[in-house]
């Protein structure tokens with residue numbers, strides 16, 4: 001079947017489409033139907049089923065005789081260590097941890113916060129919760145105490161599972177003091193904390209509250225899988241809300257299983273037994289969906305990588321891991337490729353490794369600029385697939401579905417909507433716009449299985465955030481257009497569409513032009529307040545390693561490029577060269593914060609920022625252009 005056939009099959013009968021996909025899951029009680037309409041634009045999937053995620057991700061592969069297959073490969077260039085865990089070993093470890101948690105009082109419906117680095121034990125903690133029907137909430141390891149405290153007060157966990165430390169190139173991140181600080185700040189106190197002691201740092205345990213990961217599992221009866229209702233929450237994952245109060249995205253169990261399993265073959269083109277690597281972190285949605293759950297549910301081997309794209313030890317680490325572990329499908333963020341490209345623009349490291357095992361590369365997490373895609377295509381000689389989704393959605397919504405058919409690639413577009421998503425572009429009044437016009441990207445309700453049914457303890461906020469502006473649609477918060485072939489272009493967050501003298505322009509479109517300059521490794525464009533034109537675009541440029549150019553010359557050249565490609569209407573006259581851009585730990589550029597600094601409005605240090613010192617450099621750069629007045 002072609003993509004068009006598959007998409008049409010879903011459109012003709014969504015109920016039959018998802019019931020058919022559900023047959024790949026092991027049910028304790030099979031669902032009687034797929035969709036449950038709760039009224040008021042709220043929906044649930046497979047609600048009357050009974051099922052267990054851990055059984056589907058681990059035990060069933062052992063029962064099917066594939067227990068000796070490797071489930072997890074841990075590769076840590078930071079600790080110079082590698083190890084493999086088979087499915088049978090994973091089952092035994094997870095059952096033992098779940099049994100120990102149960103012995104300490106953790107039951108179905110209890111919340112457990114997980115605060116860990118990129119080690120297999122993080123996945124085991126998630127699966128142990130799923131085994132018991134406990135609801136986990138993974139918080140990115142090393143998150144500041146006050147941010148962790150906010151999440152503790154919102155989720156009210158019975159237990160917290162943490163590691164003694166995380167490791168960054170050249171430094172140890174002390175998790176335990178951050179955890180202790182968070183518990184002190186939080187109103188809600190957990191019953192107990194489980195601490196996994198890493199050899200790089202042994203943390204001080206607090207008597208009566210903290211237990212040792214290994215110690216508390218001795219002599220405990222392993223736990224069996226507890227079947228839960230289809231609409232039982234599997235986990236809560238907090239996204240940094242723009243208001244500062246994080247939003248707890250909820251994922252229901254049954255829809256999550258069905259949708260993720262479907263994507264592994266149809267989207268990512270892997271078969272059970274193949275090695276799949278998502279170079280992300282368990283603290284983000286990619287780590288939930290494509291390091292932990294989807295590969296294991298589908299019977300793949302997943303890679304847990306503790307390192308960086310550059311500096312552990314060099315810009316060839318991705319290629320080493322791919323060639324060494326025979327990775328078939330690789331998934332990373334465009335920002336990671338830009339870091340590699342900046343260090344190794346000619347791809348010298350690529351030539352050192354045999355990557356014939358790899359069949360395709362997927363990019364997501366932020367907009368993949370055409371320049372980065374072209375560089376990757378030239379260096380790797382493989383399909384480079386940009387795709388788009390969100391924490392809220394849980395898996396690809398717009399993608400080139402390689403497992404069904406590889407569609408023609410259009411640079412700048414993550415391609416076409418997947419089954420379950422009926423995408424439209426609307427103007428501010430909610431009217432559908434014709435092909436090629438910029439507007440708000442929405443998807444017709446109901447959203448497919450595996451997407452967020454609500455926010456944790458915040459249904460009103462859920463409706464206000466996603467369902468109110470365009471009744472009958474889910475509002476993505478992204479702006480873009482759909483072309484005459486049905487390809488979707490995500491240009492920017494809705495907030496990043498700027499209004500220059502009455503013209504609505506996409507900062508993403510300008511960034512695309514800047515990134516096309518041969519000396520520019522990475523860039524960002526923001527709209528700053530302007531008395532005459534409403535807003536004016538300002539560009540920030542990071543240059544390639546070894547680009548020994550006069551900065552004023554490069555700025556002059558990019559201004560000319562934007563004038564040529566977008567036109568004088570963009571009014572693009574201001575740009576500045578900086579060493580680095582302020583980003584979240586997941587690689588998203590903090591454009592909103594940069595705008596606040598430029599306009600001199602009040603702003604709060606983003607909880608997810610990778611390095612706060614960069615904002616000082618950005619402030620100085622803006623001051624040099626006459627903005628961010630002291």
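Residue numbers (full-length UniProt numbering): 1 to 630. C-beta: ideal position from N, C-alpha, C; glycine also.
Query, Result
"Own chain partners of residue 243 with C-beta closer than 8 Å, once the 5 adjacent residues on each side are dropped", "In this predicted model, residue 243 has a pLDDT of only 46, less than 50, meaning its place in the structure is not dependable; the value taken from the coordinates is given anyway. None."
"Residue from 380, 331, 349, 435 with nearest C-alpha to residue 399", "331"
"Residue burial classification, residue 151 (beta-carbon count within 10 angstroms, cutoff 16)", "buried"
"Buried versus exposed, by CB contacts within 10 Å (16 or more), residue 431", "exposed"
"Any non-hydrogen atom of the ligand FMN closer than 7 Å to residue 283 Cβ", "Here there are no bound small molecules, and the ligand FMN is not part of this structure."
"Residue 293 (DSSP reduced to helix, strand or coil)", "helix"
"Residue from 328, 286, 253 whose Cα sits closest to the Cα of residue 272", "328"
"Residue 201 to residue 149 span [Cα, whole Å]", "23 Å"
"Close beta carbons around residue 134, own chain, < 6 Å, minus the five adjacent residues each side", "106, 110, 112"
"With 16 other Cβ atoms within 10 Å as the buried cut-off, status of residue 531", "exposed"
"Residue 138 versus 48, 125, 178, residue with shortest Cα-Cα distance", "125"
"Collapsed DSSP secondary structure at residue 72 in the structure displayed", "strand"
"Bounding residues of the alpha helix (DSSP H) (the contiguous stretch that carries residue 619)", "613-624"
"Inter-residue spacing [alpha-carbon to alpha-carbon] between residue 552 and residue 158", "57 Å"
"Own chain partners of residue 26 with C-beta closer than 8 Å, once the 5 adjacent residues on each side are dropped", "51, 55, 56, 60"
"3 or more residues per run - each beta strand (DSSP E) lying fully within the UniProt domain \"AMP-binding enzyme C-terminal\" (510-588)", "520-530, 534-543, 574-577"
"Distance between residue 10 and residue 604 (C-alpha atoms, nearest Å)", "44 Å"
"Residue 15 vs residue 33 beta-carbon contact at 8 Å", "yes"
"Helix, strand or coil at residue 334 according to DSSP, with G and I counted as helix", "helix"
"Bridge-paired residues (DSSP) for residue 360", "329"
"Straight-line gap, residue 463 to residue 296 (C-alpha atoms, nearest Å)", "33 Å"
"Alpha-carbon spacing of residue 529 relative to residue 606, whole angstroms", "21 Å"
"Contact between the segment 581-600 and the segment 361-368 (3+ Cβ pairs under 8 Å)", "yes"
"Meets three-Cβ-pair contact criterion under 8 Å: the segment 471-483 and the segment 435-443", "yes"
"Residue 124, enclosing alpha helix (DSSP H) - first and last residue", "120-132"
"Boundaries (first-last residue) of the beta strand (DSSP E) holding residue 258", "Premise fails: residue 258 lies in the alpha helix (DSSP H), 253-266, not in any beta strand (DSSP E)."
"The segment 298-313 / the segment 338-348 touching (three or more Cβ pairs under 8 Å)", "yes"
"Selection from 131, 282, 299, 75 that minimises the alpha carbon distance to residue 98", "131"
"Residue interval of the beta strand (DSSP E) (run including residue 493)", "488-493"
"Buried versus exposed call for residue 460 [16 or more other C-beta atoms within 10 Å across all chains shown]", "exposed"
"Cβ neighbours of residue 595 in the same chain (closer than 6 Å, five flanking residues each side left out)", "526"
"Nearest-angstrom Cβ-Cβ length linking residue 46 and residue 258, presumed shorter than 8 Å", "7 Å"
"Three-way DSSP call (helix, strand, coil) for residue 58 in this model", "helix"
"Residue 440 (DSSP reduced to helix, strand or coil)", "strand"
"Reduced DSSP secondary structure (H/G/I, E/B, other) of residue 137", "strand"
"The segment 411-426 contacting the segment 382-390, beta-carbon criterion three pairs below 8 Å", "yes"
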